[in-house]
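Colleague: There's a structure below that I have some questions on.
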Amino acid sequence: SYTHNRAPAESSPPGLDGTTLERIEDKLRSLTASMATKDDLRSRTTTIQDALRAEMAGIRSEVASHVGRISLQEEATEALTARMTSADTAIARQGTMLLSMRRHLEDLDNRGR
28 SYTHNRAPAE
38 SSPPGLDGTT
48 LERIEDKLRS
58 LTASMATKDD
68 LRSRTTTIQD
78 ALRAEMAGIR
88 SEVASHVGRI
98 SLQEEATEAL
108 TARMTSADTA
118 IARQGTMLLS
128 MRRHLEDLDN
138 RGR
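If you want my numbering, it's the position in the sequence shown, counting the first as 1, plus 27.
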């Protein structure tokens with residue numbers, strides 16, 4: 028228990044009597060008793076750290092999932108790009124072949140006259 032040997036009341040600061048000092052001391056004791064201890068703070072810190080770790084693990088998992096989906100989308104885009112390039116090349120060749128056929132038909136038509 029807390030004990031304090033107080034000097035006689037005449038040595039108290041002006042305007043503070045013994046009763047006022049006792050109330051102040053009681054309030055200080057009450058405030059001190061309600062303060063968190065080192066163990067309380069450690070426990071709260073550990074709880075916060077655990078919560079942050081769990082949250083970070085969830086975020087990491089989500090990011091990994093997104094990375095996987097993005098990779099699949101990139102692969103699909105590359106495949107579609109390759110198909111489009113191939114189709115563009117085929118269309119260009121067909122245009123050249125049609126032009127050649129047209130000229131050939133014109134030549135045949137001209138020869139037939």
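Each residue gets a CB set at the ideal place from its N, CA and C atoms; glycine is no exception.
These figures come from a predicted structure and were not determined experimentally.
Taking T24 as part of the alpha helix (DSSP H), name the residues at either end of that continuous run.
Modeller: Residue coverage of the chain in this structure runs from 28 to 140, which leaves residue 24 outside it and unanswerable.
Colleague: DSSP state of D44, grouped into three classes?
Modeller: Here residue 44 refers to the residue found at position 17 of the sequence shown. Residue state, collapsed to three classes: coil.
Colleague: Which value, in whole angstroms, describes the spacing of the CA atoms of T74 and A81?
Modeller: To locate residue 74, count along the sequence shown from 1; it is residue 47. To locate residue 81, count along the sequence shown from 1; it is residue 54. Whole-angstrom Cα-Cα distance: 11 Å.
Colleague: In whole angstroms, give me the CA-to-CA distance for L123 and G139.
Modeller: The residue given as residue 123 occupies position 96 in the sequence shown. The residue given as residue 139 occupies position 112 in the sequence shown. Sequence inspection shows Thr at residue 123; the Leu mentioned does not correspond to that position. When rounded, the distance between both Cα atoms is 24 Å.
Colleague: Expressed to the nearest angstrom, what Euclidean distance is found between the alpha-carbon atoms of L132 and M111?
Modeller: For this step, residue 132 is matched to residue 105 along the sequence shown. For this step, residue 111 is matched to residue 84 along the sequence shown. Those two C-alpha atoms are separated by around 31 Å.
Colleague: If we ignore side chains and look at the alpha-carbon of each, how far apart do M83 and T72 end up?
Modeller: The sequence position of residue 83 within the sequence shown is 56, counting from 1. The sequence position of residue 72 within the sequence shown is 45, counting from 1. Taking the straight line joining both Cα atoms gives about 16 Å.
Colleague: I118 to V90, Cα distance in whole Å?
Modeller: The residue you call residue 118 lines up with position 91 of the sequence shown. The residue you call residue 90 lines up with position 63 of the sequence shown. If you take the alpha carbons of I118 and V90, they lie about 41 Å apart.
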